[in-house]
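Peer 1: Quick one: this structure, given as structure tokens, is what I'll be asking you about.
In the UniProt record's numbering, the protein residues as written are 1 to 201.
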């Protein structure tokens with residue numbers, strides 16, 4: 001998994017609350033179990049018109065947000081089902097961080113397991129970011145994970161809180177399995193001692 005340390009990227013706004021995982025990636029796009037091939041279904045119910053053509057009003061289809069790597073949205077993002085395909089689709093499309101006042105718990109944790117950084121900021125700060133995005137086409141934000149800060153192109157900085165374990169895993173590009181495997185030598189040493197002490201097991 002690619003480590004997450006610093007990110008300087010274009011921001012895309014999604015001014016909606018309670019965006020559930022079925023809106024992030026509709027069920028009809030979940031025919032596979034691989035982490036690839038999901039990006040085409042990202043926000044498909046909003047992104048495409050009934051005839052399948054792109055809806056120019058949806059931010060994902062607008063030129064100013066092309067290649068955006070940071071998504072700013074409203075509270076309770078990622079609610080609904082526990083499908084991990086939702087962060088897969090966001091990640092494959094290119095989003096590495098999502099900023100919102102709150103997230104659904106399972107989605108929040110799934111983001112870390114897929115190398116993405118979900119950041120919670122107060123409603124007032126998110127309101128300010130939406131205003132900045134509206135005023136400045138292709139607004140860029142600098143996310144500094146070691147210092148846990150977000151700096152907007154104009155210079156304003158926000159601090160955010162993060163669980164130290166999740167931070168360490170992101171900085172080192174480790175999911176839960178990768179973190180466990182980082183102790184492989186200690187696990188092997190323990191097993192060797194155990195086999196010698198209790199050979200009947």
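Every residue, glycine too, gets a C-beta built ideally from N, C-alpha and C.
If you're wondering where the values come from, they're calculated on a predicted model, not measured in any experiment.
Using a 10 Å radius around the Cβ and a threshold of 16 neighbouring Cβ atoms, would you call residue 74 buried or exposed?
Peer 2: buried
Peer 1: What did DSSP end up calling residue 23 once you bin it into helix, strand or coil?
Peer 2: helix
Peer 1: Excluding the 5 residues preceding and the 5 following residue 134 in the sequence, name in chain order all residues of the same chain whose CB lies nearer than 8 Å to its CB.
Peer 2: The answer, listed in chain order, is 13.
Peer 1: So, helix, strand or coil for residue 69, using DSSP?
Peer 2: DSSP places residue 69 in coil when its eight states are reduced to three.
Peer 1: Under DSSP, the beta strand (DSSP E) around residue 44 begins and ends at which residues?
Peer 2: Where residue 44 is concerned, there is no enclosing beta strand (DSSP E), although the alpha helix (DSSP H) it sits in stretches over 44 to 47.
Peer 1: Excluding five sequence neighbours on each side, which residues of the same chain lie with their C-beta closer than 8 Å to the C-beta of residue 173?
Peer 2: 1, 2, 3, 4 and 115
Peer 1: Which value, in whole angstroms, describes the spacing of the CA atoms of residue 72 and residue 191?
Peer 2: 47 Å
Peer 1: Any chance the stretch 86 to 93 sits against the stretch 23 to 42, with 3 or more Cβ pairs inside 8 Å?
Peer 2: yes
Peer 1: Taking the continuous alpha helix (DSSP H) assigned at residue 14, which residues delimit it?
Peer 2: No alpha helix (DSSP H) contains residue 14, which is instead part of the beta strand (DSSP E) from 6 to 14.
Peer 1: Helix or strand or just coil, what does DSSP make of residue 198?
Peer 2: coil
Peer 1: Residue 102 to residue 132, Cα distance in whole Å?
Peer 2: 20 Å
Peer 1: With which residues is residue 140 paired in a DSSP beta bridge?
Peer 2: 10
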